[in-house]
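Participant: Numbering (our numbering), first residue to last: 6 to 297.
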Amino acid sequence: MKLEIMNVSKSYGNRHALQNIDMEILPGIVGLLGENGAGKSTLMKILSTILNPTNGRVLLNGVDIKKSPNMMRNILGYLPQNFGVYPNLNAVEFLLYIAAIKGLDRKTAKRRVGQLLELVNLTEAKKSAAGSYSGGMRQRLGIAQALLNDPKIIIVDEPTVGLDPVERIRFRHLLSDLSGERIVILSTHIVSDVEAAAGKIAVMSKGRLLSYTKPEELLTAVNNCVWERIVREEELQKLRKQFIVCNTVRTGDGINVRFIAKDLSERNANLVVPTLEDAYLYLISKSGKSDE
Ligand code: ADP
6 MKLEIMNVSK
16 SYGNRHALQN
26 IDMEILPGIV
36 GLLGENGAGK
46 STLMKILSTI
56 LNPTNGRVLL
66 NGVDIKKSPN
76 MMRNILGYLP
86 QNFGVYPNLN
96 AVEFLLYIAA
106 IKGLDRKTAK
116 RRVGQLLELV
126 NLTEAKKSAA
136 GSYSGGMRQR
146 LGIAQALLND
156 PKIIIVDEPT
166 VGLDPVERIR
176 FRHLLSDLSG
186 ERIVILSTHI
196 VSDVEAAAGK
206 IAVMSKGRLL
216 SYTKPEELLT
226 AVNNCVWERI
236 VREEELQKLR
246 KQFIVCNTVR
256 TGDGINVRFI
266 AKDLSERNAN
276 LVVPTLEDAY
286 LYLISKSGKS
296 DE
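(1) Exposed or buried, residue 48, counting other C-beta atoms within 10 Å across all chains shown (16 or more means buried)?
(2) Quick check on this structure: which residue in 152, 291, 175, 9 has the alpha carbon closest to the alpha carbon of residue 25?
(3) What are the boundary residues of the beta strand (DSSP E) that residue 21 is part of?
(4) Please list, in chain order, all residues of the same chain as residue 256 whose beta carbon is under 8 Å from its beta carbon, the five residues on each side excluded.
(5) Taking only three categories from DSSP, how would you classify residue 259?
(6) Determine the burial state of residue 225: buried for a count of at least 16 other Cβ atoms within 10 Å of its Cβ, exposed for fewer.
(7) So which residues touch the region around the ligand ADP, with touch meaning a C-beta under 6 Å from any heavy atom?
(8) Straight-line CA distance for residue 98 to residue 146?
(9) Taking buried to mean at least 16 other C-beta atoms within 10 Å of its own C-beta, is residue 106 buried or exposed?
(10) Decide if the segment 73 to 85 is in contact with the segment 156 to 165; the criterion is three or more beta carbon pairs, one per stretch, under 8 Å apart.
(11) Have a look at residue 200 and residue 281 and give me their C-alpha separation to the nearest angstrom.
(12) How would you write the range of the alpha helix (DSSP H) that residue 224 sits in, first residue to last?
(13) Can you list, in chain order, the residues of its chain whose CB lies under 8 Å from that of residue 258, leaving out five sequence neighbours each side?
(14) Could you name the residues of the same chain whose beta carbon sits closer than 6 Å to that of residue 204, not counting the 5 residues immediately before and after it, in chain order?
(15) Do you know how far the Cα of residue 136 is from the Cα of residue 91?
(16) Flag this pair as yes or no: are the beta carbons of residue 149 and residue 125 separated by less than 7 Å?
(17) Kindly indicate which residue of 36, 138, 51, 39 has the alpha-carbon position closest to the one of residue 12.
(18) How would you write the range of the alpha helix (DSSP H) that residue 183 sits in, first residue to last?
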């Protein structure tokens with residue numbers, strides 16, 4: 006299975022939400038990483054055939070999804086960003102309702118709903134009204150509805166928003182378990198959502214694709230250029246003007262600053278092991294500078 010995004014652009018009026026996106030997606034987890042407004046939802050809606058691109062094409066196994074949208078819809082599970090539940094329906098009622106919309110027969114639907122409630126760990130709460138669920142439980146119900154038709158492609162838009170750290174980890178594990186032969190595309194603005202599970206990370210900013218690589222390759226962008234140094238407040242302001250500051254922590258001795266510098270002449274800083282967060286900040290900030 007192969008999904009090819011070929012030179013895709015999307016404008017809303019004169020706003021360019023996506024510009025010339027090229028990606029080839031194979032089974033595994035792809036993390037779409039970018040700040041609000043980067044174009045992640047727009048790209049996901051195009052892949053889900055909810056929107057058409059202004060320019061460019063998306064091919065599923067060589068066939069344009071705009072020309073054959075049902076080919077995509079039949080194998081797609083989509084969890085939109087603002088997934089709403091019917092608060093008065095319990096999980097079973099809700100899933101049976103969605104299954105009916107998706108055209109599953111009653112017997113298959115009942116069996117599938119039971120399996121999915123197990124998978125997303127909602128069996129115990131299946132008789133409670135969805136309105137009483139926590140954020141994490143709602144998202145798990147959301148993923149269950151997306152899986153009703155046993156999709157080969159799963160697209161989830163910002164699934165971890167509003168989840169507490171434990172729920173976020175549980176949700177990430179669930180997506181990892183689901184990947185296998187499937188294509189799973191997940192968007193987020195939180196680096197830690199994608200660093201453990203994603204085989205490939207697409208970094209987006211202002212409608213452009215800045216990078217589309219394996220996490221370990223993304224890290225090489227900041228190899229040997231992340232430093233830490235303890236400074237006073239006035240030095241911090243100077244550093245901010247000169248370099249990309251990734252983090253600051255106030256300590257008893259001053260402010261411990263983590264920053265990115267390609268060429269550092271003075272040596273009273275310690276070279277540290279880069280993280281994906283550093284690499285992401287570097288890419289975003291470099292692209293911001295080239296826009297100025
Ligand atoms: P993200 O999901 O990364 O936050 P979006 O795809 O939602 O980004 O938005 C990309 C850009 O397109 C933003 O500038 C946003 O304001 C704009 N945009 C999104 N949807 C619409 C719309 N329906 N009409 C006009 N502009 C939109």
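Backbone N, C-alpha and C define an ideal beta-carbon position, used for all residues, glycine too.
Facilitator: Well, looking at it:
(1) buried
(2) 9
(3) 20 to 30
(4) 235
(5) strand
(6) exposed
(7) 17, 20, 22, 39, 41, 42, 43, 44, 45, 46, 47
(8) 11 Å
(9) exposed
(10) yes
(11) 7 Å
(12) 220 to 225
(13) 235
(14) 33, 34
(15) In a straight line, the C-alpha of residue 91 is about 7 Å away from that of residue 136.
(16) Yes.
(17) 51
(18) 170 to 183
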